[in-house]
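Plus 186 on top of the position in the sequence shown (first one is 1) and you've got this note's numbering.
Beta carbons: idealized from backbone N, C-alpha and C, even for Gly.
Structure first, then comments.
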Amino acid sequence: MSDDRPTIEALQVEDRTFPPPADLAAAANAKAEIYDRAAADPEAYWAEEAKALDWMEPWDQVVDRSNHPFYKWFVGGKLNASVNCLDRHLERRGDKVAFHWEGEPGDTQTITYRDLHERVCKLANGLRSLGVQRGDRVAIYMGMVPELPAAMLACARIGAAHTVVFGGFSAESLRDRILDCDCRTVITADEAWRGGRHIPLKANVDEALLECPDVEHSVVVKRTGSDVEWTEGRDRWYHELVADQAAECEPEAMDAEDLLYILYTSGTTGKPKGIVHTTGGYLTGVASTHKYVFDLKEDDVYWCAADCGWVTGHSYIVYGPLCNGATSVMFEGAPNFPAEDRLWDIAERYKASILYLAPTAIRMFMKWGTQHPAKHDLSSLRLLGSVGEPINPEAWMWYHEHIGGGQAPIVDTWWQTETGSIMISPLPGVTTTKPGSAAQPLPGVTADIVDEVGTSVPQGSGGYLVLTEPWPAMLRTLYGDDDRFVETYWSQYQGLYLAGDGARQDDDGYYWLLGRIDDVMNVSGHRLSTIEIESALVDHPAVAESAVVGRHDDTTGQAIAAFVTLKSEVHGDDDLIAELRNHVAIKIGPIAKPKSIVLTDDLPKTRSGKIMRRLLRDISENRQLGDVTTLANAEVVSEIADMASDAHASGDEG
Ligand code: 7RM
Numbered sequence: 187m188s189d190d191r192p193t194i195e196a197l198q199v200e201d202r203t204f205p206p207p208a209d210l211a212a213a214a215n216a217k218a219e220i221y222d223r224a225a226a227d228p229e230a231y232w233a234e235e236a237k238a239l240d241w242m243e244p245w246d247q248v249v250d251r252s253n254h255p256f257y258k259w260f261v262g263g264k265l266n267a268s269v270n271c272l273d274r275h276l277e278r279r280g281d282k283v284a285f286h287w288e289g290e291p292g293d294t295q296t297i298t299y300r301d302l303h304e305r306v307c308k309l310a311n312g313l314r315s316l317g318v319q320r321g322d323r324v325a326i327y328m329g330m331v332p333e334l335p336a337a338m339l340a341c342a343r344i345g346a347a348h349t350v351v352f353g354g355f356s357a358e359s360l361r362d363r364i365l366d367c368d369c370r371t372v373i374t375a376d377e378a379w380r381g382g383r384h385i386p387l388k389a390n391v392d393e394a395l396l397e398c399p400d401v402e403h404s405v406v407v408k409r410t411g412s413d414v415e416w417t418e419g420r421d422r423w424y425h426e427l428v429a430d431q432a433a434e435c436e437p438e439a440m441d442a443e444d445l446l447y448i449l450y451t452s453g454t455t456g457k458p459k460g461i462v463h464t465t466g467g468y469l470t471g472v473a474s475t476h477k478y479v480f481d482l483k484e485d486d487v488y489w490c491a492a493d494c495g496w497v498t499g500h501s502y503i504v505y506g507p508l509c510n511g512a513t514s515v516m517f518e519g520a521p522n523f524p525a526e527d528r529l530w531d532i533a534e535r536y537k538a539s540i541l542y543l544a545p546t547a548i549r550m551f552m553k554w555g556t557q558h559p560a561k562h563d564l565s566s567l568r569l570l571g572s573v574g575e576p577i578n579p580e581a582w583m584w585y586h587e588h589i590g591g592g593q594a595p596i597v598d599t600w601w602q603t604e605t606g607s608i609m610i611s612p613l614p615g616v617t618t619t620k621p622g623s624a625a626q627p628l629p630g631v632t633a634d635i636v637d638e639v640g641t642s643v644p645q646g647s648g649g650y651l652v653l654t655e656p657w658p659a660m661l662r663t664l665y666g667d668d669d670r671f672v673e674t675y676w677s678q679y680q681g682l683y684l685a686g687d688g689a690r691q692d693d694d695g696y697y698w699l700l701g702r703i704d705d706v707m708n709v710s711g712h713r714l715s716t717i718e719i720e721s722a723l724v725d726h727p728a729v730a731e732s733a734v735v736g737r738h739d740d741t742t743g744q745a746i747a748a749f750v751t752l753k754s755e756v757h758g759d760d761d762l763i764a765e766l767r768n769h770v771a772i773k774i775g776p777i778a779k780p781k782s783i784v785l786t787d788d789l790p791k792t793r794s795g796k797i798m799r800r801l802l803r804d805i806s807e808n809r810q811l812g813d814v815t816t817l818a819n820a821e822v823v824s825e826i827a828d829m830a831s832d833a834h835a836s837g838d839e840g
């Protein structure tokens, strides 16, 4: 850098703090001592955590560092993931509910550990009967039906790696993933329910398979019962395949470093990356963090409202909770079907005690209004979680007050598909939380914030988030592309894992995530993160959600362009826009005042709900729009583009 300005400037000031409730702290799974113990000997700490799993053979070495960055964990150990999720609970928890499943139309299933074990064994035998073997890859393309976790675990039982493709993805995305990892089997459903409509999963599979000549079998769950095309010899009904299978299935003894699954991340550019997770370290990481971060107790009713198509579903619907013998809620449908209180209705009926959601969902609930949660008794909720994006302090406060009854602590969990398990998060019985901060690296995790050349930035300054030591659930490589793995994550700085996110630490050492590095703006030489300006906008009572981007400006290099979604009951006009601009200037400073604000009903989001700022940049600079097919809501883009050209044409305010 040409001057001594910080790598990313820090503007936001937040002084509200929330100490852990005394009763929760007294009974918490993790107490304050855990940090020192883990820091004193991280390998011993992780080895201790790994002992909570059932191993078929012990490991010889905790971590093999000889071939950086290709780390190996629990070298020589053998185990099976489905045994850890199911078999070992049968004696004590056979009749315990694993999933309270609720379908979108309102049908329900209560699935105990014994039921799930039987389903998984039967499917595993069925897959073996089709010729699926240890070491194969199996694609899973389904909605949130109980057969989805069962399919993941059935693959794990016979040593086949699964690659789950989110049911909202297109036939082409499915095809690309099947081809990239050479799947020979696909598990799907006739259709999925979503927002009252049917998603044609089987038809998409048929289309994808036209270009996947090596796929031999597709196994089809009957969900909606609509007619589907059928290819004799290739297609098999799931219920017929499992009907005559034995209820026991000998599990494969997998090496700790054997592939458990591949999960593709689309990112914002380029070919999807096949993130590789292996067995022993991954299970250790997810089971341990699930137990401590969510303070899981035997009688909790835990609900992670993600989709199994994302890593959050893999780690914190399937592998972590099941390893820990948790009772979970699993919901198939959309949060506004049939009405905008659907989640609160479910939480009330099942007496959910832990709820884990994304900020995008919270901001949507803010937009819909407090009357929806207010209709329901949510007093069973004792702990709330957030994941996926930085949570704006106002969204945090809203979640705290309207969902958590002003009582439940919030754990803001930072992690990635690549990290496998939660890396930075409060521990609910230990950490005094601050709205918008993910607090500290978890025990056994070491992070830092560095500048362009890899030097730690002073406390208070923003920079690039790195992880400085290997951790058990880390990705092992990108499937079939070791070079891209090294290049993407390990080549920027010697020995450090580059997360791709900006962050700063405050005076208490708390981490504040600042969004993706690619989204950082440069206004008159000031490097500004998007999140702080967005949070200043969301701080205004009229605003539910916002996104800001830098667009080219002849004078300042970049100018701040903001896109704002108002709460449902608010009417927007030019006076409000002026007020919002001033609000930002007062809240965090004149340098951050948006040059233009466009009011819009929705923002472009990825299918997992993250705001796609790249597209807003294209719109703001009147560029040809890039690929919009990965968007969840492509229709908003042209709408926003029209409004933005009006706003810019009518002249920006200075
Ligand atoms: C779990 C997941 C990873 C990216 C990550 C960040 C962002 C996730 C938080 C967050 C701020 C958080 N995996 N991110 N959690 N940013 N605070 N608590 O989301 O692979 O899909 O995305 O998501 O940018 O790098 S992911």
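Span of the alpha helix (DSSP H), counted from its first residue to its last, around residue i
i	result
lysine 308	299-315
leucine 210	208-213
glutamine 557	557-560
valine 269	267-271
tyrosine 221	219-226
Heavy atom of the ligand 7RM within 6 Å of residue i beta-carbon
i	result
glutamate 575	yes
aspartate 293	no
alanine 492	no
aspartate 366	no
leucine 210	no
tryptophan 245	no
valine 652	no
alanine 593	Here the sequence assigns glutamine to residue 593, which means alanine is not the residue at that position. For the ligand 7RM, not one heavy atom lies less than 6 Å from the Cβ of glutamine 593.
threonine 417	no
glutamine 602	yes
valine 497	yes
alanine 238	no
leucine 845	In the structure as shown, the chain starts at 187 and stops at 840, and residue 845 therefore has no counterpart that could be examined.
For residue i: DSSP bridge partner residues
i	result
arginine 737	Ala745
glutamate 288	Thr294 and Phe517
arginine 383	Arg380
serine 732	Val750
serine 572	Leu543 and Asp598
proline 627	Ile610
cysteine 490	Tyr542
leucine 684	Val652
methionine 707	Leu714
alanine 325	Thr349 and Val372
leucine 664	Ile461
Assumed close pair residue i, residue j - CB separation to whole angstroms, cut-off 8 Å
i	j	result
glutamate 243	tryptophan 379	Glutamate 243 to tryptophan 379, Cβ: 43 Å. No contact.
leucine 664	threonine 470	Incorrect: roughly 22 Å between the Cβ atoms, too far for contact.
alanine 183	leucine 543	Residue coverage of the chain in this structure runs from 187 to 840, which leaves residue 183 outside it and unanswerable.
glutamate 154	glutamine 198	Nothing in the structure corresponds to residue 154, since the chain is present only between 187 and 840.
threonine 786	threonine 751	6 Å
valine 504	valine 487	Actually they do not touch by this definition, with Cβ atoms about 17 Å apart.
From the options, residue whose alpha carbon lies closest to that of residue i
i	options	result
proline 399	Ser474, Arg361 and His558	Arg361
isoleucine 596	Cys367, Thr617 and Gly606	Thr617
isoleucine 774	Thr498, Val401 and Glu200	Glu200
isoleucine 746	Ser754, Val735, Val756 and Gly701	Val735
tryptophan 601	Gln645, His588 and Trp496	Trp496
alanine 560	Pro579, Glu580 and Ala533	Ala533
threonine 599	Ile589, Glu587, Trp584 and Pro627	Pro627
arginine 549	Ser539, Gly574, Asp667 and Arg535	Gly574
threonine 349	Thr451, Pro780 and Asn510	Thr451
alanine 581	His558, Asp563, Ala547 and Ile610	Ala547
leucine 449	Asp376, Val351, Lys308 and Ser404	Val351
glycine 467	Pro437, Asp485 and Gly506	Gly506
alanine 659	Val462, Gly622, His588 and Arg793	Val462
serine 404	Asp667, Ala394 and Lys457	Ala394
arginine 279	Ile344, Tyr299 and Val823	Tyr299
glycine 555	Ala525, Gly381, His303 and Phe285	Ala525
Contact test: residue i Cβ vs the ligand HEM heavy atom, cutoff 6 Å
i	result
valine 756	As presented, the structure is devoid of the ligand HEM, carrying the ligand 7RM as its sole ligands.
Residue i, enclosing beta strand (DSSP E) - first and last residue
i	result
arginine 409	Element bounds for arginine 409: n/a, residue is neither H nor E.
glycine 467	Unbroken run through glycine 467 is the alpha helix (DSSP H), 466-479; no beta strand (DSSP E).
alanine 633	633-636
aspartate 421	421-423
arginine 702	697-702
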